[in-house]
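Take a look at the structure set out below.
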Amino acid sequence: MVNLSGVYRRIGKLDQALQLGEDAFRLTKARLGREHPFVLRCMGLLAETYPLTGKCSEAQELALQMISLSRIIHPAESPELANSLAEASMLLLHCKEFAAAEPLLREVLAIRERSIPDDWRTFNTRSQLGGALMGQGEFSDAEPLLVTGYEGMKVREQYISRGSVHRISEALDRLIDFYTATNQTDLARKYQELRTNRMENDRGP
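Heads up: the sequence shown begins at -5 in the numbering used here, then just goes up one per residue.
Quick look at the structure:
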């Protein structure tokens, strides 16, 4: 049910994705108890569907539950905690809760820079943190994170799975938004061209 919900979400069948995701979360929680890693996984997938169906308040509520549960299940400063907090912060970004996402992303980045400094996920976190700062109008701090985040993912693209490669396009979207907001039209155009060229790659086979 969880996997099928994810497939439905990816192909745009959002009603089916939401129904299956909610059912899987309810059944899994009843069977395994709230403090189980797979329950946390179900929460993450369901919360990822909520913003796509216009349910941002539900996504935010579930993100806060994920943060609390993650800190119970995973050791402090562990890569596993970073992964869970990254999922929650991504939901907050989707819902434009930039101030709430920022401290989480800083925590995730600190863990990943220590444990997996050369991994593409570390650079994805840099881009996301840049997005959170941009959303709060902190442009001077946002720009280096946005640029290095994108560039770091781009050179590591061969190590990114097909299901996650769209994170590069998200990083490009942030750069386009940044340079559009700061009236740097040449740079906005440059990244827009790169984004257009990636459309086929993101679509996949």
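No residue lacks a Cβ here, since even glycine has one placed at the ideal position from N, Cα and C.
Residue i and residue j closer than 9 Å at C-beta
{"i": "L14", "j": "Y2", "result": "yes"}
{"i": "A136", "j": "M128", "result": "yes"}
{"i": "T119", "j": "L99", "result": "yes"}
{"i": "L40", "j": "L63", "result": "no"}
{"i": "Y144", "j": "L169", "result": "yes"}
{"i": "K49", "j": "C36", "result": "no"}
{"i": "A93", "j": "A126", "result": "yes"}
Contacting residues, own chain, Cβ-Cβ under 6 Å from residue i (five flanking each side not counted)
{"i": "A82", "result": "A57, M60, I61"}
{"i": "E187", "result": "none"}
{"i": "F172", "result": "M128, L140"}
{"i": "F117", "result": "G143, G146, M147"}
{"i": "D180", "result": "none"}
Distance, residue j Cα to residue i Cα
{"i": "M84", "j": "A95", "result": "8 Å"}
{"i": "E132", "j": "A182", "result": "18 Å"}
{"i": "G124", "j": "Q10", "result": "33 Å"}
{"i": "T47", "j": "L87", "result": "15 Å"}
{"i": "Q142", "j": "S121", "result": "It is Thr, not Gln, that sits at residue 142 in the sequence shown. Looking at the two C-alpha atoms, the distance is approximately 7 Å."}
{"i": "Y153", "j": "Q130", "result": "32 Å"}
{"i": "S(-1)", "j": "I67", "result": "24 Å"}
{"i": "E107", "j": "G157", "result": "23 Å"}
{"i": "I162", "j": "G27", "result": "36 Å"}
{"i": "E164", "j": "E42", "result": "15 Å"}
{"i": "P111", "j": "E101", "result": "14 Å"}
{"i": "S78", "j": "D167", "result": "23 Å"}
{"i": "R65", "j": "S51", "result": "22 Å"}
{"i": "R189", "j": "H160", "result": "11 Å"}
{"i": "Y185", "j": "N177", "result": "14 Å"}
{"i": "R150", "j": "H30", "result": "33 Å"}
Residue i (DSSP reduced to helix, strand or coil)
{"i": "E91", "result": "coil"}
{"i": "I66", "result": "helix"}
{"i": "N191", "result": "helix"}
{"i": "Q130", "result": "coil"}
{"i": "E29", "result": "coil"}
{"i": "S158", "result": "coil"}
{"i": "Q178", "result": "coil"}
{"i": "S72", "result": "coil"}
{"i": "E(-5)", "result": "The identity of residue -5 in the sequence shown is Met, whereas the question assumes Glu. Correct three-state label for M(-5): coil."}
{"i": "P45", "result": "helix"}
{"i": "R150", "result": "coil"}
{"i": "G0", "result": "helix"}
{"i": "P111", "result": "coil"}
{"i": "K184", "result": "helix"}
Neighbourhood of residue i by C-beta distance below 8 Å, restricted to the same chain and skipping five residues each side
{"i": "P45", "result": "A53, L85, H88, C89"}
{"i": "P199", "result": "Its pLDDT being 44, under 50, P199 is placed unreliably by the model, and the measurement read from it follows with that caveat. Nothing meets the Cβ criterion."}
Residues near residue i in its chain [Cβ-Cβ closer than 7 Å; skip 5 each side]
{"i": "A18", "result": "M(-5), V(-4), S(-1), C36"}
{"i": "G38", "result": "M60, E81"}
Proximity test, Cβ basis, 9 Å: residue i and chain B
{"i": "G6", "result": "The structure shown has no chain B; it contains just one protein chain."}
* **Touching by the beta-carbon criterion (3+ pairs, under 8 Å), the segment 48 to 57 and the segment 67 to 76** => no
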